[in-house]
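These notes concern the structure reproduced below.
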């Protein structure tokens with residue numbers, strides 16, 4: 142009785158930081174444009190040739206200590222993924238369906254002969270209402286901060302255009318921001334080039350906040366890692382739980398070599414560009430290792446969740462990549478921008494000490510909007526949002542990797558034009574997956590492809606002609622979802638009307 | 142007995158943030174290049190004509206609620222002042238005696254016929270040892286953060302060159318940094334000009350971190366104020382004491398009008414440039430008012446110290462100012478860069494609720510290096526530093542504005558060349574003040590001027606010829622201080638030897 146009284150007194154006196162001490166720290170380690178095969182860690186059941194090309198020992202270590210997800214999905218390009226992560230919304234609903242230009246009110250869509258301009262949310266996400274061209278939502282870090290978390294963003298943000306609140310991570314509820322702004326890639330990875338901040342030559346992609354590394358040999362990945370570790374010193378010291386969103390600029394273009402790691406790949410016979418790309422990957426992996434080492438050194442590794450993820454598939458346009466186009470994620474088809482697996486399937490690993498079992502693999506598919514409710518569940522936060530959250534918590538999968546649900550539909554919606562010439566699965570597509578089945582709808586001609594993803598990872602065998610009932614059922618399910626979300630279809634120039642929903646065509 | 146046991150238990154369990162809850166928040170509101178007369182608040186016993194030119198109701202309000210200092214000093218230019226504030230060291234000792242170029246290893250000194258290059262700390266201050274061209278010191282915010290404070294920097298930093306740790310406020314122990322980097326002024330105050338961040342046109346002075354205001358009508362002063370208030374939300378909510386270093390870029394050049402306030406000064410008949418300057422001042426004053434309003438609204442005004450200060454005298458070069466040169470701080474002589482009062486005497490106001498008495502004035506002189514021990518005393522912090530601290534706490538003055546010490550010597554040391562042509566009190570000077578007496582030593586010719594500052598605020602009456610004993614005594618005292626601090630004298634080109642100390646010349 143006396144002890145509980147003391148507990149009560151202490152509880153009343155304690156600030157939020159103290160009450161929250163038992164909640165785990167959460168680190169989202171988000172990589173940019175990293176493909177499912179850009180790692181020495183086989184993300185599925187078995188290894189493929191590209192796993193031999195890359196060297197990512199720390200991803201292997203994290204997977205050995207936690208759980209890897211063989212079927213984790215994002216959207217085909219970066220901003221939609223990042224907005225889904227921040228809001229828990231599906232891209233079809235939040236309407237930030239393409240990457241946002243850092244310049245306000247400028248659509249990144251390419252012009253098209255068949256379709257007119259789409260009225261998507263070209264300015265991205267906004268944590269305050271009333272900003273034209275944005276989706277208004279309550280962001281994840283704001284909810285975590287309100288619940289007592291110390292929230293840190295380091296690296297690429299790319300949630301909104303300059304001149305809108307979404308351009309600045311501080312408006313999303315981050316306590317600390319380093320190097321995040323409206324741009325989607327770095328002008329330069331090189332400290333010797335001031336990450337682009339050369340007077341008169343700086344573009345909007347010049348990386349902010351890293352002045353102490355200017356003129357030095359510090360590669361951007363390393364600078365961000367050092368700043369991330371510095372930023373969490375305060376909550377670690379104060380025993381306040383933290384949320385670290387370490388969103389690396391790697392491995393997005395410009396493909397500049399990280400010379401700490403380059404030689405290995407030149408020695409292996411890769412051409413210069415692909416060697417540089419591989420060195421970007423390894424530099425990112427080293428950062429992961431440094432974070433893990435730090436947690437161990439500070440004795441907080443047992444209280445810290447690490448979630449490794451990429452924001453879309455690996456770039457498979459060649460050039461700038463070398464080799465045959467759209468082979469860079471093999472056995473997955475195509476790459477960034479595409480509705481094929483190469484564009485949306487991501488390397489994902491989660492370590493939640495005390496919950497995930499070491500060295501396990503989950504085969505249940507999950508999607509980027511699931512991060513929002515999952516992280517809030519990990520943090521034990523009760524919350525309210527202005528948006529409707531589409532994601533589902535995957536805590537049950539973390540507790541039991543054999544959790545399975547083959548009825549859940551996943552939806553991708555891309556009524557935009559990413560590149561001037563359509564590529565495989567690229568531009569004007571809508572896609573649904575349910576269980577083993579995946580259907581891709583082409584808004585240009587109404588064509589539908591159907592794949593059995595579990596039997597046909599490469600998506601080489603279109604089963605639509607043989608399975609008209611399945612196509613019809615998936616068309617109806619996809620269309621229902623899109624209508625419910627008030628999703629946009631691109632306007633046809635010749636009629637002025639929107640392209641039909643999947644169930645409105647044969 | 143039972144209660145103290147509970148207290149003990151609670152004390153053991155409490156994180157730093159909680160133990161510190163009774164400590165005051167401290168806000169240093171630092172203005173750039175603001176002169177002693179750039180305000181409607183008379184900083185001494187009586188008003189002067191320039192007080193009628195400016196409109197700063199919030200400075201008046203702060204003075205009415207706290208204590209103004211009629212004889213507060215900084216160094217003649219910005220970086221030395223800022224480094225003294227961060228380190229507690231006199232500029233003669235820290236050797237960052239001129240403003241630092243944002244470009245590493247580049248001296249901002251002008252070339253000279255008489256003197257060769259001086260080996261001063263051209264890269265500024267460094268919180269880590271071993272960085273060439275820097276003074277290594279334990280910075281104030283680091284000590285406050287170590288003691289449990291939430292530390293925020295917003296605005297101009299300018300402590301060190303790009304490529305050195307001193308370029309980044311995060312390395313000084315700030316938990317949050319907004320818009321602080323290696324540069325000493327903004328490329329633009331205008332949101333419509335992205336504060337300089339125009340692709341291909343950005344200079345090193347482009348202001349970082351404010352992307353959400355790009356393309357909007359938000360003046361830089363307002364953007365920084367909004368960000369400062371946002372940054373302290375977390376500690377206010379968590380009841381963690383905070384240290385806010387709000388270092389405005391105003392009123393440094395470029396003199397761009399703050400159009401929210403411009404018309405008042407045009408209506409008063411000021412020329413366009415001086416009207417713009419006055420609008421910069423009023424915009425800064427509005428920021429001060431907004432901060433004060435916020436503290437009141439959050440009911441933390443009684444727990445929050447506000448220290449208002451400028452970093453050097455008002456710019457008196459004309460052009461860019463209009464009017465006769467060196468009249469812009471009248472009745473004070475000269476301005477920024479000068480050893481005369483116009484270059485070093487600053488508007489300073491301190492409100493420490495429960496300590497300072499409302500509407501009081503302290504006449505005891507204080508100096509910028511005193512801020513370091515004073516703020517640590519306010520915060521009740523026990524600390525160790527790698528540097529020897531030269532400043533003295535002025536807490537006794539805050540407790541009793543009539544505290545007086547006419548024996549303390551103050552020293553200014555400027556063995557550099559700020560502008561290409563020497564101005565009044567500008568370039569190659571060393572100065573001492575003790576009691577009413579002030580002596581200025583000219584390194585070029587050994588000439589010494591002597592003023593009775595209390596009788597002759599305008600420094601119009603050189604008393605050196607009539608008081609050789611006083612000149613001799615002050616020369617000895619100044620030289621002793623400089624030798625003890627291992628202060629630098631500029632090397633004479635014709636002999637290769639350093640210019641003599643004051644007591645080495647007649």
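Chains as they are written, first to last, in the working numbering: chain A, 142 to 647; chain B, 142 to 647.
Even for Gly, the Cβ is constructed at its ideal location relative to N, Cα and C.
Residue nearest to residue i in terms of C-alpha spacing, selected from the options
i: residue 209 of chain B; options: B/484, B/535, B/642; result: B/535
i: residue 578 of chain B; options: B/569, B/612, B/191; result: B/612
i: residue 505 of chain B; options: B/495, B/540, B/516, B/546; result: B/546
i: residue 207 of chain B; options: B/399, B/542, B/384, B/553; result: B/542
i: residue 306 of chain A; options: B/367, B/297, B/540; result: B/367
i: residue 315 of chain A; options: A/332, A/296, A/510; result: A/296
i: residue 168 of chain A; options: A/291, A/610, A/531, A/332; result: A/291
i: residue 104 of chain A; options: A/333, A/189, A/280, A/639; result: Chain A is shown from 142 up to 647; residue 104 of chain A falls before or after that span and cannot be answered.
i: residue 551 of chain A; options: A/602, A/486, A/562, A/187; result: A/486
i: residue 580 of chain A; options: A/187, A/619, A/500, A/370; result: A/619
i: residue 414 of chain A; options: A/428, A/401, A/394; result: A/394
Alpha-carbon spacing of residue i relative to residue j, whole angstroms
i: residue 422 of chain A; j: residue 406 of chain A; result: 11 Å
i: residue 335 of chain B; j: residue 339 of chain A; result: 17 Å
i: residue 389 of chain B; j: residue 449 of chain B; result: 11 Å
i: residue 519 of chain B; j: residue 426 of chain B; result: 25 Å
i: residue 261 of chain B; j: residue 303 of chain B; result: 17 Å
i: residue 647 of chain A; j: residue 586 of chain A; result: 10 Å
i: residue 255 of chain A; j: residue 219 of chain B; result: 60 Å
i: residue 357 of chain B; j: residue 554 of chain A; result: 32 Å
i: residue 431 of chain A; j: residue 636 of chain B; result: 54 Å
i: residue 640 of chain B; j: residue 602 of chain B; result: 26 Å
i: residue 226 of chain A; j: residue 276 of chain A; result: 13 Å
i: residue 495 of chain A; j: residue 443 of chain A; result: 8 Å
i: residue 434 of chain B; j: residue 491 of chain B; result: 16 Å
Interface partners of residue i on chain A, CB under 9 Å
i: residue 648 of chain B; result: One cannot answer for residue 648 of chain B here, as it falls past the ends of chain B, which runs 142 to 647.
i: residue 371 of chain B; result: 311, 312
i: residue 308 of chain B; result: 351, 352, 353, 354, 355
Proximal residues to residue i (C-beta, below 6 Å), its chain only, five neighbours per side dropped
i: residue 528 of chain B; result: 228, 230, 278
i: residue 221 of chain A; result: 232, 237, 238
i: residue 634 of chain B; result: 257
Nonlocal neighbours in the same chain, by C-beta distance under 8 Å from residue i, ignoring five residues either side
i: residue 537 of chain A; result: 544
i: residue 466 of chain B; result: 457, 458, 459, 564
i: residue 624 of chain B; result: 642
i: residue 246 of chain B; result: 263, 264, 273, 274, 302
i: residue 638 of chain B; result: 632
i: residue 645 of chain A; result: 620
Interface partners of residue i on chain B, CB under 7 Å
i: residue 368 of chain A; result: 311
i: residue 316 of chain A; result: 317, 375
i: residue 349 of chain A; result: 349, 350
i: residue 286 of chain A; result: 375
Proximal residues of chain B, C-beta to C-beta of residue i below 8 Å
i: residue 344 of chain A; result: 340, 341
Contacts that residue i makes with chain B (C-beta to C-beta distance below 9 Å)
i: residue 335 of chain A; result: 303, 304, 345
i: residue 356 of chain A; result: 244, 245, 246, 302, 303, 304, 305
Partners in chain A for residue i, counting only beta-carbon separations shorter than 7 Å
i: residue 323 of chain B; result: 352
i: residue 299 of chain B; result: Result: empty, since nearest Cβ-Cβ is about 11 Å, beyond 7 Å.
Own chain partners of residue i with C-beta closer than 7 Å, once the 5 adjacent residues on each side are dropped
i: residue 308 of chain B; result: 301, 302, 322, 323
i: residue 600 of chain B; result: 474, 481, 482, 592
Any chain E beta carbon closer than 9 Å to residue i
i: residue 444 of chain B; result: In summary, chain E is missing from the structure at hand, where the protein chains are A and B.
The region 618–634 of chain A contacting the region 255–273 of chain A, beta-carbon criterion three pairs below 8 Å: The region 618–634 of chain A is in contact with the region 255–273 of chain A.
Cβ contact check for the region 365–379 of chain A and the region 319–331 of chain B: 3 or more pairs under 8 Å: no
The region 245–255 of chain A / the region 358–366 of chain B touching (three or more Cβ pairs under 8 Å): no
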